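Asks: Okay, so the sequence shown: first residue is 14 according to the numbering used here, each after it adds one.
My questions will all concern the structure given below.
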Amino acid sequence: MTSPVEPLSPASPSQQHSSSRPKSGSVLRKLGPGLITGAADDDPSGIATYSQAGAQFGFNMLWTMLLTYPLMSAIQLVSARIGRVTGCGLGVNMGAIWPKPLVTGLMLLLFVANTINIGANLAAMGASVELATSVPSLPITIFFAVLSLTLQMFIPYQRYANILKWLTLVLLAYVAVLFTVKIDWLAALKGFVWPSFPLNGDSFTMIVAILGTTISPYLFFWQSSQEVEEIDRKDEAEPLKDAPRQAPKELSRMRLDTFAGMAVSNLVAIAILMCAAATLHASGKTEIGSAADVAEALKPIAGNFAFVLFSIGIVGTGLLSIPVLAGSAAYAFGESQDWKCGLEHKPWEAVGFYSVIAAATIFGLGLEFAPIDPIKALFWSAVINGFVAVPIMIAMMVVVGSRKRMKDFVAPTSMLVFGWAATAVMGVAAIAMLVF
14 MTSPVEPLSP ASPSQQHSSS RPKSGSVLRK LGPGLITGAA DDDPSGIATY SQAGAQFGFN
74 MLWTMLLTYP LMSAIQLVSA RIGRVTGCGL GVNMGAIWPK PLVTGLMLLL FVANTINIGA
134 NLAAMGASVE LATSVPSLPI TIFFAVLSLT LQMFIPYQRY ANILKWLTLV LLAYVAVLFT
194 VKIDWLAALK GFVWPSFPLN GDSFTMIVAI LGTTISPYLF FWQSSQEVEE IDRKDEAEPL
254 KDAPRQAPKE LSRMRLDTFA GMAVSNLVAI AILMCAAATL HASGKTEIGS AADVAEALKP
314 IAGNFAFVLF SIGIVGTGLL SIPVLAGSAA YAFGESQDWK CGLEHKPWEA VGFYSVIAAA
374 TIFGLGLEFA PIDPIKALFW SAVINGFVAV PIMIAMMVVV GSRKRMKDFV APTSMLVFGW
434 AATAVMGVAA IAMLVF
């Protein structure tokens, strides 16, 4: 429903003339939480999952990319809208309409899922560096854990995220591979619109993993909380329910930001999946068991430097996503307990919040000693996310449809339809995996 907006006073001729001129960089300035969320979505878990999908099923999982874009965009818009309208994160809003024990249970599920994801990311970063340099993975993994935790505690995330985003550009190498290898474009098109794969446990597990790594619960909490921090950082910004005059500009910004961020995420995912299909699957390698197998997909363009290029991509996306994983768990749990939360605070100003970040990172590091290959761990962390996302998405959709919480900014019908559709798709895929 559209909120009432007070009429603006007429602009002076000079103001009208000024507003008619395009402002340089005005579009780029609108990109923020959504773009960073999209970049973090293509984390090591995503790289491993999309690569396994391409290696195992060829082009036949490309259809999931057409399905996930509108659904992931809708659910991320829901999370952003809740944060910007209410001025509170998802944890606070869920706690306002659901019993606290239930909300705490959901937050613990998120913490466990994120901790597993952090551990898998750290292990993959260590394994990829070992692949490129022959340095043992364990000390490298410990180094990355300490580095990430230090950066989270003492440097505002926005500052170093802007640097790390440049490292993630190496993922565009997967796009370049598509122009250097022979692609069966007809088979690729068929994979988008008329795929062929067996309806069994393996295929449904893959679908759940793709959905879980693309529509990840930690991204919901992250984007919502980042919208709240945007309000806190800007003196003139207020929650939209208290300042409806700001709604047209802010809702427009969120749409552009989210659609752009999710588009970047999906385009890279499509490139990784197609790259693996055209190289690994085409050569008969249908099972990815190590970081070296994933890196093999880059050999057509990077040759002997494939392992180095792959390592840079894994480290860049890992350093970008681990703070999002740990931070989203801290936001979720801290908000539900009424703690002071925010990466803009110093550690001694938000002790509980940073304690959750430290615990998630340290427990994640402990998974380095588990007897499972990092690439397998990344894949199964995506599957776990696919299950954990469902109850959290249900809670989000209840919040965004609540007039008590959202006032005049209850989600429009189109957002409710796509949001509930995303929730239903995730739920059906999870059930199908268990049944088959």
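Ideal placement from N, C-alpha and C gives every residue a C-beta, glycine not left out.
All of these numbers come straight from a predicted model, not from anything done at the bench.
With 16 other CB atoms within 10 Å as the buried threshold, where does residue 405 fall?
Replies: buried
Asks: When the Cα of residue 239 is compared with those of 99, 254 and 116, which residue comes out closest?
Replies: 99
Asks: Quick one: residues in its chain with C-beta nearer than 8 angstroms to the C-beta of residue 210, no 5 flanking neighbours on either side, listed in chain order?
Replies: 70, 73, 74 and 216
Asks: Short of 7 angstroms in beta carbon distance, which residues of its chain neighbour residue 140, apart from the five on each side in sequence? Order them along the chain.
Replies: 150, 304 and 387
Asks: Check residue 358 in the structure and name its three-state DSSP category.
Replies: Shown here, residue 358 sits in coil according to DSSP, grouped into three states, outside any helix or strand.
Asks: What did DSSP end up calling residue 165 once you bin it into helix, strand or coil?
Replies: helix
Asks: Count the other CB atoms, across all protein chains shown, that sit within 10 Å of the CB of residue 426; report buried if there are 16 or more and exposed otherwise.
Replies: Exposed, since its Cβ has fewer than 16 Cβ neighbours within 10 Å.
Asks: Can you give the beta carbon distance from residue 399 to residue 221, rounded, assuming they're within the 8 angstroms contact cut?
Replies: 4 angstroms
Asks: So, are the CB atoms of residue 276 and residue 144 less than 8 angstroms apart?
Replies: no
Asks: Hey, could you find the ends of the alpha helix (DSSP H) residue 101 is sitting in?
Replies: Counting along the chain, residue 101 falls outside any alpha helix (DSSP H), and DSSP gives it neither H nor E.
Asks: In chain order, what residues of the same chain have a beta carbon less than 8 angstroms from the beta carbon of residue 214, not counting five sequence neighbours either side?
Replies: 446 and 449
Asks: Checking 8 angstroms against the spacing of the C-beta atoms, do residue 166 and residue 367 come in under that value?
Replies: A contact, by the Cβ cut-off of 8 angstroms.
Asks: Which of the three DSSP states, helix, strand or coil, is assigned to residue 298?
Replies: Here residue 298 sits in coil by DSSP.
Asks: Does the pairing of the segment 148-162 with the segment 242-256 give three or more beta-carbon distances under 8 angstroms?
Replies: no
Asks: Answer with buried or exposed for residue 317, where buried requires no fewer than 16 other C-beta atoms within 10 angstroms of its C-beta.
Replies: exposed
Asks: If we ignore side chains and look at the alpha-carbon of each, how far apart do residue 440 and residue 403 end up?
Replies: 6 angstroms
Asks: Find out if the Cβ-Cβ distance for the pair residue 242, residue 250 is shorter than 8 angstroms.
Replies: Going by C-beta atoms, residue 242 is not nearer than 8 angstroms to residue 250.
Asks: Could you give the distance in angstroms between the alpha-carbon of residue 385 and the alpha-carbon of residue 68?
Replies: 20 angstroms
Asks: From residue 89 to residue 407, what distance separates their C-alpha atoms?
Replies: 13 angstroms
Asks: Counting Cβ pairs closer than 8 angstroms, one from the segment 258-272 and one from the segment 343-359, do we hit at least three?
Replies: no
Asks: Which residue spans inside the segment 195-278 form an unbroken alpha helix (DSSP H) run of at least 4?
Replies: 198-206, 214-227 and 230-246
Asks: Under a three-way DSSP split, which group does residue 423 fall into?
Replies: coil
Asks: With DSSP run on the structure shown, which of helix, strand or coil describes residue 135?
Replies: helix
Asks: Going by the CB atoms, is the gap between residue 127 and residue 278 shorter than 8 angstroms?
Replies: No, these two residues do not count as a Cβ contact at 8 angstroms.
Asks: When we look at the beta-carbon of residue 361 and count the other beta-carbons within 10 Å, is it buried (16 or more) or exposed?
Replies: exposed
Asks: Counting pairs of beta carbons, one from the segment 58-67 and one from the segment 284-291, are three or more of them closer than 8 angstroms?
Replies: The segment 58-67, when compared against the segment 284-291, does touch it at the 8 angstroms Cβ threshold.
Asks: Assess, as a yes-or-no matter, whether the segment 122-137 is touched by the segment 228-235 under the definition of 3 or more beta carbon pairs within less than 8 angstroms.
Replies: Yes, the segment 228-235 touches the segment 122-137.
Asks: Residue 168 and residue 373: beta carbons closer than 8 angstroms?
Replies: no
Asks: In three-state terms, what does DSSP make of residue 72?
Replies: coil
Asks: Roughly how many angstroms lie between the CA atoms of residue 225 and residue 334, to the nearest whole one?
Replies: 15 angstroms
Asks: Pick from 237, 146 and 186: whose alpha carbon is nearest that of residue 91?
Replies: 237
Asks: Comparing C-alpha positions only, which one of 412, 311 and 272 sits nearest to residue 193?
Replies: 311
Asks: Since I believe residue 330 is in contact with residue 60 (beta carbons under 8 angstroms), could you give me their beta-carbon distance rounded to a whole number of angstroms?
Replies: Contact between residue 60 and residue 330 holds: their C-beta atoms lie close to 7 angstroms from each other, under 8 angstroms.
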